[in-house]
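Structure first, commentary second.
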Amino acid sequence: MADCFLMTIMMTRDIISFGIVADVFCSIDMLMRAILLSVITLISVCQSANRNLITLNEETWTDILRGEWMVEFHAPWCPACKDLQKAWHAFADWSKDLNINVAEVDVTVNPGLSGRFLVTALPTIYHVKDGVFRAYAGPRDKNDFISYIEGKKWTFYDPIPSYKYPSSPQMSVVAWFFKLSMFVRDKHNYLVDEVGIPSWASYTVFAGITLTLGCILGFFIVCIIDRVFPTGEQLCRPEKKSTKKDQKNKSKKLVSLVKSKTDLLNASM
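Each residue of the sequence shown is one higher than the one before, counting from 30 in the working numbering.
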């Protein structure tokens, strides 16, 4: 009797333990399903935002000269840019409804565009309408962006000056210098970090290269200017120096002239 009672207790304990384990496994399974569903939803949302958000680079930036655009310039290391990304991606989801294009530019990947648009602070936002550029200076929230487009608030702001237009020749030169400066910086970091030379040696190398190129370029510029715009000395040839023979002839002519005048005076008297 005692053995039967003991066996009953053990069986009851096993059943309870199995039920607890089953409940635990069921809870874990439900938790995993919830996590998986959340991940799938997050991925779909991110993919939707990425489809609507256009990434511009050095080759494709001219697309903004046609149609209406909102363009954001950012950098991965910029905290303010990171704070703006959520609102900017949400705003990009409304691009089709607003009939505009929403784009972004990473200035660390495209330094030439940061120079072409004179980006001096991050994040920087531009509104572009058929090639007319305006700097956005309003609040940076999704609803504010939508209101800016729907209410055409950009009409209340003056476009940037024509000499600052990114498509102008002078800004193309600025973009080239920005790319050159980034190239020099990358090479400097390579020489210091990878090759292991001191910073002062790297600066000395670049200073020597700069002086050499400057001298060569200056020489060619002076030659071109001298050929195109000759100086006054080249235009006016110097007079030939008179020889002794010429001076004697001049003195003889002067003496004969004085003598003839003297004879005329004597004759008249």
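Even glycine gets a Cβ: it sits at the ideal position worked out from N, Cα and C.
As the structure is a prediction and not an experimental result, all values here were calculated from the model.
Relative to the C-alpha of Val136, which residue among Asn130, Pro168, Met211, Gln199 is closest?
Nearest Cα to Val136 within the set Asn130, Pro168, Met211, Gln199: Met211.
Could you tell me which of Ala121, Leu94, Glu88 sits nearest to Asn81, measuring between CA atoms?
When each option's Cα is compared against that of Asn81, the closest is Ala121.
Give every residue of the same chain whose Cβ lies closer than 8 Å to the Cβ of Ala116, excluding the five residues on either side of it in the sequence, and list them in chain order.
Closer than 8 Å at Cβ, skipping near neighbours: Arg169, Asp170, Lys171, Phe174.
Taking only runs of the alpha helix (DSSP H) that begin and end inside the stretch 202-267, which ones reach a length of at least 4 residues, in chain order?
Counting only runs of 4+ residues, the alpha helix (DSSP H) found wholly inside the stretch 202-267 occupies 228-257, 261-264, in chain order.
How is Asp122 classed by DSSP in three states: helix, strand or coil?
Secondary structure at Asp122: coil, using DSSP grouped into helix, strand and coil.
Taking Val134 and Phe102 to be in contact with their CB atoms under 8 Å, please state how far apart those CB atoms are, rounded to whole angstroms.
With 8 Å as the limit, Val134 and Phe102 qualify as a contact, their Cβ atoms being about 5 Å apart.
Alpha carbon to alpha carbon, how far is Ser231 from Ser143?
Linking Ser231 to Ser143 through their CA atoms gives a straight-line distance of about 26 Å.
Bridge partners for Phe102 per DSSP, in chain order?
BP columns for Phe102 point to Val134, Thr153.
Buried or exposed, going by whether 16 or more other CB atoms sit within 10 Å of the CB of Trp205?
Trp205 should be labelled exposed.
Pull up the distance between the alpha-carbon of Pro108 and that of Glu88, whole angstroms please.
Taken atom to atom, the span from the alpha-carbon of Pro108 to that of Glu88 is near 27 Å.
Contact check, Pro195 vs Arg145, beta carbons under 7 Å
Yes, they are a contact pair.
Contact belief for Pro188 with Arg163 at Cβ below 8 Å, rounded distance in angstroms
Rounded, the Cβ-Cβ distance is 5 Å, consistent with contact.
Is the beta carbon of Pro152 less than 7 Å from the beta carbon of Leu113?
At a Cβ-Cβ threshold of 7 Å, Pro152 and Leu113 count as neighbours.
Three-state secondary structure assigned by DSSP to Lys193
Here Lys193 sits in helix by DSSP.
Comparing alpha-carbon positions, which option in His118, Val161, Cys244 lies nearest Ile93?
It is Val161.
In this structure, what does DSSP give as the bridge partners for Arg163?
For Arg163, which the question treats as bridged, DSSP gives the partners His156.
Which of the three DSSP states is assigned to Cys75 in this structure?
For Cys75, the predicted structure reports a pLDDT of 47, less than 50, and the residue's modelled location is therefore unreliable. A value from the coordinates is still provided. Assignment of Cys75 by DSSP, reduced to helix, strand and coil, places it in the helix class.
May I ask you to report which of helix, strand or coil DSSP gives Gly175?
The sequence shown places Ile at residue 175, rather than the Gly named in the question. Of the three classes helix, strand and coil, the one that applies to Ile175 here is helix, per DSSP.
So, with DSSP's three-state summary, where would you put Leu82?
Leu82: strand per DSSP, three-state reduction.
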